[in-house]
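Number of protein chains: 2
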Amino acid sequence: MFATEREYQFRPSNVTPFAAATTPTLASVFRNQPTEVVQAGGALFWEGDPAKHLFEVVDGVLRIFRIIGDGRRVITGFLFPGDLVGISMKDRYLYGAEAVTVTKVRRFARSSFQEKMNQHPELRPKLFARLCDEMAAAQDQMALLARKTAEERLCSFLLLLARRTEDASKSTPTVELPMTRQDIADYLGLTVETVSRNVTKLTARGMIVPKGRHGYQFKTERLALLAGDEDADNNGCDDRDIGCQRFGRTLA
Amino acid sequence: MFATEREYQFRPSNVTPFAAATTPTLASVFRNQPTEVVQAGGALFWEGDPAKHLFEVVDGVLRIFRIIGDGRRVITGFLFPGDLVGISMKDRYLYGAEAVTVTKVRRFARSSFQEKMNQHPELRPKLFARLCDEMAAAQDQMALLARKTAEERLCSFLLLLARRTEDASKSTPTVELPMTRQDIADYLGLTVETVSRNVTKLTARGMIVPKGRHGYQFKTERLALLAGDEDADNNGCDDRDIGCQRFGRTLA
DNA sequence: CGAGCAGTTGAACAACCTCAAAAACGGTGG
DNA sequence: CCACCGTTTTTGAGGTTGTTCAACTGCTCG
């Protein structure tokens, strides 16, 4: 589909450096599976396929999507290294999964995953917590789609990506956008044109600065003011914990 | 808040008559807790409250909502008898829960819920399945908000409600709308006016027929054609299983 | 009865979409 | 290395859907 192979570096979602060394993680269940490579644009599975496997994203970026009437596409999430795809109790996938970039995944039969989880009951709360994070992400997204303006949506999205990059702690991280404008549009419930225009606008205002092919340097504090999550006159410092990642889709 | 007490009858979500008699259900964990009554408009908890309890809706309807910048409200779900509220691994609720109608709930301390689940491990997959259903519902909602027109949103919503009524199997069930137009608008990402106009339009076209104060009789097949889930020229008969309810919010 | 709120209706407006075309990539092959 | 081709992105002009603002109706319940 694409011949392009883009550069990107996102860090695994739930693998904090120290915890990884001491306690078994969900990823460890997949550790000894061989990795498979999916070319950019290639499909891992389609909506409606028998849901026989789970996958762990090892490297790259996936998009999770649905098609509704008249071929309208909705991207319900992007998946990054460390994320799981295909967890469910349904016998068919409820969405399709495609590679945005060249992607490495580890495959696991659903039955053996169940087994592994029974052998390691200490992983259960971790899986549970992940579903909860994902539910929280889904609710954020509903709020975004229901009530935010195009500009707010874009800023929220950029900040979400920023949290996944190597230097997420920096106030002006450089972030790669491996997905197309069309992907972003389908994720934010907008058109390509609207996304493009707003990227241009943010660039013109200096909130983001182009860095290389698909990269931008973000002014995260200024973007946060435009993301529409707080009152305009509130400088964003409230006491709630928002430490968790809120991005991936894990369920099928 | 409201003095109004509206009539409604929705059936419990995951309690199929037969299964309830034979196997222990999630609801059975709550069975012996005393029920509390929340007046219409009253709050069960607010976003940001310490998440000390879970609740089971016994009777009535709850709305789950968030407030984003500038006071914009987003209703992320309505909860009906049998649904659970407040399940999470976070120590604070990520949303508020208010009673749409007078509502009966059973309260459970989070720790004792954990205990109960450990005592009855056979309930674990049921809880898990519920989270999966909820995730599926969230994805439906994202698709609705991202890509559907006002009319499609309203029809989708009405059909969702229809599935919860006593006579859901009938092709022209009579359904109560216990929530206000504002609630519906905040759930569908629209304004009150747009909801009102579209209700009027559907009524004029005879797709829904007013029945009493807050009730309507639905022509479900005709509504389904307008819900935007299938291609316009496809009469809605595809092979995927869509039997599950997809409505409630359980997580906090 | 009348105050207050939910709901409806109308007219003007704005944000976003659609359609169209040009520009910029990114890769390919001479 | 450069010319070419398909794709992605940007830009522009005009149209539509849904919003905003405002007035009005009709309940319900003191």
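Protein chains in written order, with UniProt numbering: chain A, 1 to 252; chain B, 1 to 252. Just so it is clear, CB atoms sit at the ideal spot from N, CA and C, and this is done for glycine as well.
Taking 9 Å as the threshold (C-beta atoms), are B/Gly189 and B/Arg153 in contact? yes
Measuring straight from C-alpha to C-alpha, what distance separates B/Thr35 and A/Ile87? 34 Å
Around the C-beta of A/Glu193, are 16 or more other C-beta atoms found within 10 angstroms, so that it is buried, or is it exposed? exposed
Report yes if the CB atom of B/Leu94 is closer than 9 Å to the CB atom of A/Ala136, and no otherwise. yes
Rank B/Phe80, B/Pro50, B/Gln114, B/Val105 by C-alpha distance to the C-alpha of B/Arg92 and give the top, closest one. B/Pro50
Whose Cβ in chain B lies nearer than 7 Å to the Cβ of A/Val74? Met142, Ala143, Ala146, Arg147
Applying the 10 Å Cβ sphere with the 16-neighbour rule, what's the burial state of B/Thr149? exposed
Looking at B/Ala129 and A/Met117, is the spacing between their C-beta atoms short of 9 Å? no
Under 9 Å by beta carbon: chain B residues contacting A/Tyr93: What A/Tyr93 touches in chain B: nothing, since even the nearest Cβ is about 10 Å away.
Distance between B/Phe10 and A/Val105 (C-alpha atoms, nearest Å): 43 Å
In chain A, what lies closer than 7 Å to B/Ser112 by C-beta? Per Cβ cutoff of 7 Å: no residues; B/Ser112 is ~17 Å from chain A at best.
For the pair the segment 170-186 of chain B and the segment 213-222 of chain B, tell me if three or more CB-CB distances fall below 8 Å. yes
Excluding sequence positions up to five away, which residues of its chain have a Cβ less than 8 Å from the Cβ of A/Asp167? Pro173, Thr174
With distances taken from CA atoms, which of A/Leu26, A/Asp140, A/Thr103 is nearest residue 276 of chain A? Not covered by the structure: residue 276 of chain A. The range shown for chain A is 1 to 252.
For A/Phe30 and B/Ser13, the rounded distance between their alpha carbons: 35 Å
Looking at the secondary structure, which residues open and close the beta strand (DSSP E) in which B/Thr76 lies? 72-79
Identify whether B/Arg11 lies in helix, strand or coil by the three-state DSSP scheme. coil
Who are the neighbours of residue 253 of chain A on chain B, taking C-beta pairs under 7 Å? Here chain A covers residues 1 to 252 and nothing more, so residue 253 of chain A does not appear.
Which first and last residues belong to the alpha helix (DSSP H) in which A/Asp59 is found? Looking at the DSSP string, A/Asp59 is not in any alpha helix (DSSP H); the run it does join, the beta strand (DSSP E), is 53-59.
Where the alpha helix (DSSP H) through B/Lys126 begins and ends: 124-147
In chain B, which residues lie with their C-beta within 8 Å of the C-beta of A/Glu134? Met135
For a cutoff of 9 Å on Cβ pairs, would you count B/Tyr216 as touching chain A? no
Whole runs of the beta strand (DSSP E) within the segment 157-222 of chain B, excluding any shorter than 3 residues: 174-176, 208-210, 215-218
Could one say the Cβ of A/Arg124 lies closer than 9 Å to chain B's Cβ atoms, at least one of them? yes
B/Gln141: buried (16+ other C-beta within 10 angstroms of its C-beta) or exposed? buried
Is A/Ala21 close to chain B, meaning its C-beta is less than 9 Å from at least one C-beta of that chain? With a pLDDT of 49 at A/Ala21, under the threshold of 50, the modelled position of that residue is not reliable, and no figure is offered here.
Give the interface partners of B/Ala97 over in chain A, defined as CB-CB distance under 8 Å, in chain order. None at all; the shortest Cβ gap to chain A is about 13 Å.
Contact criterion: CB-CB distance below 9 Å. Does A/Arg11 meet it with respect to chain B? no
Does the beta carbon of B/Gln39 come closer than 9 Å to any beta carbon on chain A? no
Shortest alpha-carbon distance to B/Asn198 belongs to which of B/Ser156, B/Glu151, B/Ile184, B/Glu230? B/Glu151
So, at 6 Å on beta carbons, what are the nonlocal neighbours of B/Val209 in its own chain, with the 5 sequence-adjacent residues on each side left out? Gln217
Residues in the segment 171-194 of chain B having any Cβ partner in chain A nearer than 7 Å: Gly189
Segment limits, beta strand (DSSP E) that includes A/Val105: 103-109
Outcome for B/Gln139 when other beta-carbon atoms lying within 10 angstroms are tallied against a minimum of 16: buried
Using DSSP with H/G/I as helix, E/B as strand and the rest coil, what is A/Glu152? helix
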